[in-house]
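Residue numbers (the numbering used here): 808 to 1328.
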């Protein structure tokens, strides 16, 4: 427990395309950070894999950079917590050697296995049991795929890990365990018990002994080994701990530690996480229920797979002029695009953009959902188009907010913003107007790494509880209030948006477009 004086803690966020290492004071001020990118592998259409040895080497470089930037001696850092992508599978033998490239959560090789889940378990029974709707994004259908189609790999597999467990082992962990907040995207848990489901394991012939035992977030598993110290620069003997999955860490880093609070991260994708004190059944399957970074608690989650990436698509496809102007002026191109969008009226004069480029997970699941446009006429111009992209992402997110509030049974008291989207005042106000809720920004926007650092500090005894760590390290900055007139306009437009999506699903349009693209694209 912190009494007086300043201490330092570290967090690692190993994401899909890059790893960030942060070093923070126990007051929440980041004093050093490092970042390295790494690739995904695409050996076949729909397959997404990764070489964990490449990720490890980049993790080590990022750690060295963070330490160098901090100007601290390694011995001054008291703990390390870890966050990693969820739903990614690492198959290792008894020597902890990977047997094949890891299968990344966004891999879609198991579409047929999702059909098997629907036929043999049923979507409602599956959601009641594990808190998720059947989707190829989760680990469960991928594990069935491996058992059925790669039995030689399955037989050699000693443990089925995710990134966090594998990298903690490389850092020096002596205890090989997992936690419910890192496995929320597994689709293999008994959500009421926050443990592996014997029933779901048995249905696909999965030996539960191949899964690491379930512990809790904020759990110390060892100390930095001499080998890991040489590779990363961290001091040998520094305590290391399980953190949580990336979005659970982001929620902790945003201070979401009680019911009635939620956090929205807009980066490449949008993820919304809300704390709940008990598991809740959602008869509409609109939200996902999983383990929280708060030990013994739960989260609700909603997803939009294409969020910031929709704006990036607009930049790459239509904003050559803005890109050139931004380079000449030395400013961020997205600041120019949002400035341009702000010149269009509320609702972009009735032009709707649908951001489902990569399918839909919330509030409905549809792997074949597509992006689209509606309402375009001769009166629309580039300003309207840019605004409609931002509004489309926000209205899709607004449907998730509504779905979560239905499950919670009341409006959220606090919604906090993080990620790249939170840096735009225009987009922040637009979100407040669409959701009709006050929104809070945070002093530190690196919520995932900060959350990992908090959980690591709790697990290693720097703080006595997650609540204490959050109170010390998470600091809101300002509040954005919705403009009521704008909210009324957006409520009407969001109704049209939602009804259009329902019609496309009900008439099978998304599936027909997918079939056409498969045949002719």
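We treat Cβ as the ideally placed atom computed from N, Cα and C, and that holds for glycine.
Label residue i either buried or exposed according to how many other C-beta atoms from any shown protein chain fall within 10 Å of its C-beta, with 16 as the threshold for buried.
| i | result |
| --- | --- |
| residue 1186 | exposed |
| residue 848 | exposed |
| residue 1084 | exposed |
| residue 1284 | exposed |
| residue 1301 | buried |
| residue 1091 | exposed |
| residue 1072 | buried |
| residue 1082 | buried |
| residue 1237 | buried |
| residue 936 | buried |
Can you grab the Cα-Cα spacing for the pair residue i / residue j, in whole Å?
| i | j | result |
| --- | --- | --- |
| residue 1057 | residue 897 | 23 Å |
| residue 1093 | residue 938 | 10 Å |
| residue 1198 | residue 850 | 35 Å |
| residue 1017 | residue 1136 | 56 Å |
| residue 1068 | residue 1328 | 44 Å |
| residue 934 | residue 1310 | 24 Å |
| residue 817 | residue 968 | 23 Å |
| residue 1244 | residue 1222 | 8 Å |
| residue 1161 | residue 815 | 44 Å |
| residue 1326 | residue 1025 | 49 Å |
| residue 810 | residue 836 | In this prediction, residue 810 scores a pLDDT of 45, lower than 50, which makes its location untrustworthy; no coordinate-derived value is stated. |
| residue 808 | residue 873 | Only weak support is given to the placement of residue 808: the predicted model assigns it a pLDDT of 46, under 50, and the value that follows is read from those uncertain coordinates. Going by the C-alpha atoms only, they are around 25 Å apart. |
| residue 1175 | residue 1020 | 35 Å |
| residue 1035 | residue 891 | 18 Å |
| residue 882 | residue 1046 | 11 Å |
| residue 856 | residue 914 | 7 Å |
| residue 982 | residue 976 | 8 Å |
| residue 1154 | residue 1206 | 16 Å |
| residue 813 | residue 958 | 53 Å |
| residue 1212 | residue 1219 | 7 Å |
| residue 1070 | residue 1286 | 14 Å |
| residue 1146 | residue 829 | 32 Å |
| residue 919 | residue 997 | 23 Å |
Go ahead and pull the three-state DSSP assignment for residue i.
| i | result |
| --- | --- |
| residue 915 | coil |
| residue 838 | strand |
| residue 1043 | coil |
| residue 843 | strand |
| residue 1053 | helix |
| residue 985 | strand |
| residue 997 | strand |
| residue 1212 | helix |
| residue 1324 | helix |
| residue 966 | strand |
| residue 1030 | strand |
| residue 1127 | helix |
| residue 974 | helix |
| residue 945 | coil |
| residue 1012 | coil |
| residue 928 | coil |
| residue 1114 | coil |
| residue 1139 | coil |
| residue 1081 | strand |
From the DSSP secondary-structure annotation, give me the bridge partner or partners of residue i.
| i | result |
| --- | --- |
| residue 820 | 827 and 890 |
| residue 884 | 815 |
| residue 857 | 909 |
| residue 1002 | 997 |
| residue 1223 | 1070 and 1247 |
| residue 832 | 815 |
| residue 1167 | 1173 |
| residue 1283 | 1249 |
Please state whether the Cβ-Cβ distance between residue i and residue j is less than 8 Å.
| i | j | result |
| --- | --- | --- |
| residue 889 | residue 1063 | no |
| residue 947 | residue 954 | no |
| residue 951 | residue 1011 | yes |
| residue 1132 | residue 1233 | no |
| residue 1249 | residue 1235 | no |
| residue 1074 | residue 988 | no |
| residue 1170 | residue 1210 | yes |
| residue 893 | residue 853 | no |
| residue 1105 | residue 1196 | no |
| residue 823 | residue 911 | yes |
| residue 1203 | residue 1111 | yes |
| residue 923 | residue 993 | no |
| residue 887 | residue 1263 | yes |
| residue 895 | residue 970 | yes |
| residue 1044 | residue 1031 | yes |
| residue 1015 | residue 965 | no |
| residue 1097 | residue 1255 | no |
| residue 1317 | residue 1177 | yes |
| residue 1280 | residue 1303 | no |
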